[in-house]
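At position 14 of the sequence shown the residue is numbered 614 (my numbering), and the sequence of numbers has no breaks.
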Amino acid sequence: AESACQDRSFVEVSRLRNQEARMAFLREAEQHRCQVTGEGGNFVAMETLFPGEELAKDLLRRGIAVKPLSAYGLSQHVRISLGTPRQMEAFWKVATPLLDESGCSRDY
């Protein structure tokens, strides 16, 4: 890990990939009218209309792991780690029916 952090070109490529993943996620989330927070890092917090614990369980049953944020006082949020385009495509394929049904339809 120390060597990777000292490799400036690796760090820059990683930063750019993360930025691209974040922007792609935000564009998709907007299409589903999901409110997303979190600047920087490799994850976002997404608000839903139903408890984050329920969404996390439903997604896990379908092979997608997200973390509910109720322990932090955010009962309607889940933490989503940003991954490769293929991983994020898998997330949206599974999450879209759950979110579009009633999960992210709040007007904001």
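All C-beta atoms, glycine included, are put in the ideal place defined by N, C-alpha and C.
Distance, residue j Cα to residue i Cα
i	j	result
Cys634	Pro668	16 Å
Gln676	Glu647	5 Å
Cys704	Thr637	14 Å
Phe610	Glu602	12 Å
Val644	Asn618	11 Å
Leu682	Leu659	15 Å
Leu699	Thr684	21 Å
Asn642	Glu630	18 Å
Met688	Arg661	17 Å
Cys728	Glu701	Lying outside 601 to 708, the shown extent of the chain, residue 728 is not represented and no answer is given.
Among the options, the one whose alpha carbon lies nearest that of residue i
i	options	result
Ser670	Arg622, Ala695 and Leu655	Leu655
Gly640	Phe625, Gln606, Lys693 and Thr696	Phe625
Residue burial classification, residue i (beta-carbon count within 10 angstroms, cutoff 16)
i	result
Gly652	buried
Arg686	exposed
Val666	buried
Val613	exposed
Arg608	exposed
Arg615	exposed
Arg627	exposed
Considering only residues of the segment 627–703, which uninterrupted alpha helix (DSSP H) runs meet the minimum length of 4 residues and lie entirely inside it, listed in chain order?
Within the segment 627–703, the complete alpha helix (DSSP H) runs of at least 4 residues are 652–661 and 685–698.
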